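Just so it is clear: in the sequence shown, position 97 is 98 by my numbering, and no numbers are missing. In what follows, a single structure is set out as structure tokens and then discussed.
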Amino acid sequence: MLSRMAKKGWRVYAALLTLFVVVGELRNVLAGAPLDAVTLANWILTVALLVALWGYALQRPIGNAPYWRAVFWIVLAATALMLVPVALGPLEVVAFTMLLLALAVPAYVAAFRYAYRCPGLWSAGGGAARP
2 MLSRMAKKGW RVYAALLTLF VVVGELRNVL AGAPLDAVTL ANWILTVALL
52 VALWGYALQR PIGNAPYWRA VFWIVLAATA LMLVPVALGP LEVVAFTMLL
102 LALAVPAYVA AFRYAYRCPG LWSAGGGAAR P
């Protein structure tokens with residue numbers, strides 16, 4: 002269980018990250034960025050990561066632990082795959098991507114903790130959420 006101060010910190014981080022993601026994606030759409038399969042997949046994975054972050058920040062069970070364990074690894078693998086072409090690009094793009102990724106690392110930590118380190122949120126039987 003998180004302390005009151007830690008819970009408040011996670012809530013502030015979740016709110017700021019959510020705001021930055023929504024504003025950034027809205028800006029991209031308004032600027033005419035294409036809505037292709039990669040963009041849609043990115044949105045789905047981002048929403049999943051943000052939901053896990055909010056579940057952890059609020060210390061509320063959403064779904065069940067096995068689902069979030071799978072989500073964590075899928076999002077992590079997708080992020081790693083996305084980094085391959087970025088790493089082969091110009092240094093400025095690599096540096097900018099690493100900066101953005103550094104800002105998102107706590108969300109991955111929260112998603113991991115939510116899936117694996119919050120036994121108080123999940124019942125002992127099968128990882129289902131408590132009533």
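Cβ atoms here follow ideal geometry from the backbone N, Cα and C, with glycine treated the same way. This one's a predicted model, so the numbers in the text were calculated from it and none came from an experiment.
For my contact list, VAL76 and ALA112 are in at a C-beta cut-off of 8 Å; report their separation, rounded to the angstrom. 7 Å
Limits of the alpha helix (DSSP H) - the one that PRO107 falls within: 92 to 117
Rounded separation between TRP55 and GLY90 - CA only: 33 Å
Taking all protein chains shown into account, do 16 or more other C-beta atoms lie within 10 angstroms of the C-beta of PRO35, making it buried, or fewer, making it exposed? It is exposed - the Cβ of PRO35 has fewer than 16 other Cβ atoms within 10 Å.
Spell out whether any CB of chain C is found under 8 Å from the CB atom of PRO86. The displayed structure is made up of one protein chain only, and chain C is not part of it.
How many Å lie between THR98 and ASN65 at the Cα? 32 Å
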